[in-house]
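S.K.: Pasting a structure below so you can have a look.
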Amino acid sequence: MKKAIRVIVIVLSVWWGFSILIAFFKANVQDGEFCEDLIDVQSDYTDHQRNWQFISSSDRYCLSFETTEIENKHSRDNRFNVYDQLVNPGDPWTQLYRAFSDRDEDVDMIVDSLQSIAIYEGLSGNDLAELVVTFVQDIPYSYVIPGDCEDRETRGKPCVGNVRLGLYTPYEFLHTEMGDCDTRAVLIFAVLERLGFEPAIIISSEYAHAMIALNIPTAGDYILHKGKKYYFWETTAKGWMAGMLPPSYGNKDYWKIALANEL
């Protein structure tokens, strides 16, 4: 009898804990209907809240996170250290992208939150990838350039100047919410890699552009790598789905893979 009671108590405890967990996830997801974009900069930390919409449905999602000045400094210092250790300064991109995307602490908070939303919503693999990419697409575009912003035509977009090689780390991007094509691609690559996908960062010197490519079951434009199809995915503006190559970047011969995660 006592054993049966203990079993019932354990079952009820597990059910109660699971119910609380589901309620927590549900609250976070439902907030997507009401929350507003927010970036609240304090002296030693910044509170962020992002509200964005799926491309393939009208569903909206909300994600809140905090970044700190000290962690941003650590990430920036790491960027400087990577610069000093470049093996091939003439073609640094693969080494930079790999070094920046390998820092788990830069993206763990985002990975956990996005995965929680996906679990609650019961999202498929393709939907989870869309959740990640649309989160980044929704962040307004900013230039991150190695020179002075005054010397660059920015078409009214925000600009951060004097950043060596024009590339932020994922944490710097999340902290400032300022990033252009390859800064965005590195963040997405890092998140998707940790979620078990096969992403790639693709670059074009002719177009002076970078984007993500992803080996998933879909249709559209792709680049072949070791017999696998990696579908182009534009990240600098809303509305682009996997396999949609913007016409202004449409010559696939101008694209090459700089970094790929191969499972």
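Under numbering that gives the first Met the number 0, the first residue of the sequence shown is numbered 0, with each subsequent residue one higher.
Note that CB positions come from ideal geometry on N, CA and C, so glycine has one too.
A quick note: this is a predicted structure, and the numbers were derived from the prediction, not measured.
Buried or exposed for Ala199, please, with buried defined as at least 16 other CB atoms from any protein chain shown within 10 angstroms of its CB.
M.R.: buried
S.K.: Considering only residues of the same chain and omitting the five flanking positions on each side of Thr93, which have a CB-CB separation below 7 Å?
M.R.: Result list for Thr93: Ala257 and Leu258, in chain order.
S.K.: Cα-Cα, which of Thr182, Asp181 and Asn161 is closest to Asp150?
M.R.: Asn161
S.K.: As a quick exercise: from Thr234, Gly249, Tyr248 and Tyr230, pick the residue whose alpha carbon is nearest that of Gly242.
M.R.: Closest by alpha carbon: Tyr230.
S.K.: Report all residues from its chain with a CB closer than 8 Å to the CB of Asp252; omit the five preceding and five following residues, and keep chain order.
M.R.: none
S.K.: Compute the beta-carbon to beta-carbon distance between Leu191 and Asp181, rounded to the nearest angstrom, for a pair I have assumed lies under 8 Å.
M.R.: Contact doesn't hold; Cβ gap of about 15 Å is too wide.
S.K.: For the alpha helix (DSSP H) containing Leu95, list its first residue and its last residue.
M.R.: From DSSP, the alpha helix (DSSP H) with Leu95 extends over Trp92 to Ser100.
S.K.: Helix or strand or just coil, what does DSSP make of Lys72?
M.R.: Helix, per DSSP.
S.K.: Where does Asn214 land, buried or exposed, given buried means 16+ other C-beta within 10 angstroms?
M.R.: buried
S.K.: So for Leu244, helix, strand or coil by DSSP?
M.R.: coil
S.K.: Is Ile38 helix, strand or coil when you go by DSSP?
M.R.: strand
S.K.: What does a CB cutoff of less than 6 Å around Pro245 pick up in its chain, not counting 5 residues either side in sequence?
M.R.: Glu233
S.K.: Output needed for Glu70: all residues of its chain with C-beta closer than 7 Å, excluding positions within five of it in sequence on either side, in chain order.
M.R.: Taken in chain order, the residues that qualify are Tyr170.
S.K.: Can you tell me whether Gly178 is buried or exposed? The criterion is at least 16 other CB atoms within 10 Å of its CB, across all chains shown.
M.R.: Around the beta carbon of Gly178, 16 or more other beta carbons sit within 10 angstroms, so the residue counts as buried.
S.K.: Ignore the nearest five residues each way along the sequence and tell me which others in Ser203's own chain have a CB closer than 8 Å to its CB.
M.R.: Excluding sequence neighbours, Ser203 sits near Ala209, Tyr248, Tyr253, Trp254 and Lys255.
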